[in-house]
Ligand SMILES: [Zn+2]
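In the working numbering, the protein residues as written are 74 to 382.
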């Protein structure tokens, strides 16, 4: 029975479309992380160049702290850095999540400066390696250091990523996927200066055009390339479009992202909107109906239950 529901799920076209799009964003994210790391270090050096000289290397950490969308600096270094950070912020009159960072670490830690340009919920972020595609694209969108000539190409992909995360039944149509593929390619062209990113263009095309059909788990075949269920559970695609990841591992990663999004929503707003409640109910049903996933997400199922009470 478990195998039948697994087969049905993995062969649902719209569900696979959802997974393919999520996987393409992961490819993008893995190529952008190194770039973000070196660019934000450069940006930090640029911002702190004068500050370090004025404060000297022995300067003690200040007591300034930020909370939520507020930050009122109490020392001259934070005042100056806040001013510079805002100067480079593309949304300086809108919402800025100062609470993501610890300003007392601005002079010495580049990532604490970068975190001001990230969306909410990144207080514990230690570096770009912990950032998903959404965080990275929002950083590029918010910080003018990146100097992207057509920023709408970045925003279009952010919008698609939000569509994916708010698709509570985890399904997208083939026409949505095809338009998403087009937007990804346009973004890659826009970010043509990022080392090795262009190479990913072919990999993304390969993922989007693969069938990923699972015919029979006992036949060990996906896309005709010898998929092997591992212990009757893990389904691998042998043609390397998934780069060694099994389909099951991928869906677990993506469902986790969706759950994190739901938890963050609750944490930020204290309560769930009607739309979010609907998403929680659909997620609960999905996990309950798919026994193989239920064993992985048992704790989450209980957490979701609490969210509704
Ligand atoms: Zn300070």
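In this text, a Cβ means the ideal position worked out from N, Cα and C, and glycines have one as well.
For residue i, three-class secondary structure by DSSP
i, result
"residue 297", "Below a pLDDT of 50, predicted positions are generally treated as unreliable, and residue 297, at 43, falls in that range; no measurement from the model is reported."
"residue 395", "Nothing about residue 395 can be read from this structure; the chain reaches only from 74 to 382."
"residue 198", "coil"
"residue 216", "strand"
"residue 164", "coil"
"residue 303", "Low per-residue confidence applies at residue 303: pLDDT is 43, beneath 50, and the placement is therefore not dependable, though the value from the model is reported in the following sentence. Note: residue 303 maps to strand in three-state DSSP."
"residue 292", "With a pLDDT of only 41 at residue 292, under 50, the local geometry of the prediction cannot be trusted, and no value is derived from it."
"residue 186", "helix"
"residue 99", "helix"
"residue 78", "helix"
"residue 93", "helix"
"residue 225", "helix"
"residue 140", "strand"
"residue 314", "coil"
"residue 245", "coil"
"residue 319", "strand"
"residue 287", "strand"
Beta carbon of residue i nearer than 8 Å to that of residue j
i, j, result
"residue 335", "residue 351", "no"
"residue 58", "residue 212", "Residue numbering for the chain in the displayed model covers 74 to 382; residue 58 lies beyond these limits and cannot be assessed."
"residue 323", "residue 92", "yes"
"residue 25", "residue 271", "The question about residue 25 has no answer here: the residues shown for the chain are numbered 74 through 382."
"residue 280", "residue 314", "yes"
"residue 137", "residue 147", "yes"
"residue 180", "residue 139", "no"
"residue 210", "residue 227", "yes"
"residue 196", "residue 164", "no"
"residue 206", "residue 99", "yes"
"residue 120", "residue 83", "no"
"residue 339", "residue 345", "yes"
"residue 326", "residue 238", "no"
"residue 96", "residue 243", "no"
"residue 466", "residue 169", "In this structure the chain extends from 74 to 382, so residue 466 is not present and cannot be described."
Check: residue i C-beta below 7 Å from any heavy atom of ligand 1
i, result
"residue 201", "no"
"residue 189", "no"
"residue 268", "no"
"residue 85", "no"
"residue 97", "no"
"residue 204", "no"
"residue 150", "yes"
"residue 174", "no"
"residue 216", "no"
"residue 407", "This structure cannot speak to residue 407, because the chain is shown only from 74 to 382."
"residue 147", "yes"
"residue 137", "yes"
is_contact[residue i, chain B] using C-beta, thresh 8 Å
i, result
"residue 274", "No chain B appears in this structure, which consists of one protein chain only."
Practice prompt. Please confirm if the segment 175-191 is in contact with the segment 208-216, defined as three or more CB-CB distances below 8 Å between the two stretches.
Written response: yes
Worksheet item: Curious, which full-length alpha helix (DSSP H) runs of at least 4 residues does the segment 332-378 contain?
Response: 347-362 and 364-367
Worksheet item: Taking contact to mean at least 3 C-beta pairs separated by less than 8 Å, is the segment 218-231 in contact with the segment 239-248?
Response: no
Worksheet item: Counting Cβ pairs closer than 8 Å, one from the segment 92-106 and one from the segment 197-213, do we hit at least three?
Response: A contact exists between the segment 92-106 and the segment 197-213.
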